[in-house]
Amino acid sequence: MDIYLKKVSVTYMKNTPFEKKALDNINLHIPKGTITGIIGHTGSGKSTLIQLIAGLIHPSTGTVKIGEMDWKNKKALAELRKQVGIVFQYPEHQLFEETVEKDIAFGPSNYGFTEVERLEAVKEAMELVKLPYEKFAHRSPFELSGGQKRRVAIAGVIAFRPKILILDEPSAGLDPIGKKDIFKMITELHQKQNMTTIIVSHSMDEVANFADNLIVLNQGKVLLEGTPQKVFNRVDLLQENNLDIPEITKLIKLLNQKITPPIPLSCFSIDE
Ligand code: ADP
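And the structure:
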């Protein structure tokens, strides 16, 4: 499903000494079926943006639409909830059932799936995250590796078959192999299911190699938006806006030497 944000601002703790404008007049269109990376420093507004898309918060001003539906339309709410799945940071911390199967079935149970549909959805989701049902369904999620636990948590969200999947720092805390595996899994998942996929990352090089679009947030505004190549070509704009990206000079040097991505992109990560 397409996602539209029109003139969206979010102000937290309005009319208090702690008032904070987290997003400032954002206009965005995230086309259906694409992979979009949202990148920016801590505090740039990434979490606020994905919470808006997932309907967990509402804009202070402006509109957020999923397809034709507006989150503020109460009649559309039940339908919208089924369309957008969000995987929070360290989702494995939310695993709680005694078996993998029960944990993954939790979402579909809440969305009115029958028992047969639920089993089918769990099997399908486990296959998609590459945890074969026969091998993992009856195990305790707590005895799995970090990467496997994360897959269980992702399966729990995709099991209710959302059309939009949002992942907040899906590789956080994993070792380099775990990181690589999780991104491989996400891209394969996208190829198979064609969900509109949104990945929040603080690292350009993590997502730039496979995302269709990048959105670079800076102090609550969209600084850059477009294909990785387009974003990558606007280093000047990043500089003009004094975006504090370590090694940016190195990146520009590489650009001047006409070394093409993905090599320079790895110099473009925003360390937190
Ligand atoms: P990011 O995910 O990029 O780190 P956030 O969307 O979490 O950015 O935060 C954007 C700004 O809004 C930050 O200055 C943050 O401190 C502030 N903020 C976020 N959530 C709240 C909240 N619930 N109450 C008050 N301020 C908040």
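Be aware that the sequence shown starts at 224, since it is given in our numbering, and climbs by one per residue. Every residue gets a Cβ at the ideal spot worked out from N, C-alpha and C, and that includes glycine.
Assuming residue i and residue j make a contact with CB atoms under 8 Å, what is their CB distance in whole Å?
i	j	result
Lys255	Asp293	Actually they do not touch by this definition, with Cβ atoms about 17 Å apart.
Gln312	Asp391	5 Å
Gly260	Ile387	Between Ile387 and Gly260 the Cβ distance is about 15 Å, and since that is not below 8 Å, they are no contact.
Ala378	Val352	5 Å
Lys372	Leu318	6 Å
Less than 6 Å between the CB of residue i and some heavy atom of ligand 1, yes or no?
i	result
Ser270	yes
Thr265	yes
Tyr313	no
Lys243	yes
Met236	yes
Are residue i and residue j close, meaning C-beta to C-beta below 7 Å?
i	j	result
Ile405	Ile309	no
Leu440	Gly285	no
Pro355	Ala344	no
Val307	Ala277	yes
Thr234	Ser283	yes
Ala431	Ile258	no
Leu251	Leu275	no
Val375	Val323	yes
Ile249	Val445	yes
Ser424	Ile253	no
Asp326	Pro364	yes
Ala245	Gly443	yes
Leu460	Val454	no
Whole beta strand (DSSP E) runs in the stretch 416 to 445 with 3 or more residues, listed along the chain?
-> 419 to 424 and 436 to 441
Report the residue ranges of all beta strand (DSSP E) runs contained in full by the stretch 327 to 395; include only those spanning at least 3 residues, in chain order.
-> 387 to 391
Output the residue ranges of the alpha helix (DSSP H) runs that lie fully inside the stretch 230 to 303 and measure 4 residues or longer, sorted by chain position.
-> Segments of the alpha helix (DSSP H) lying fully in the stretch 230 to 303: 269 to 276.
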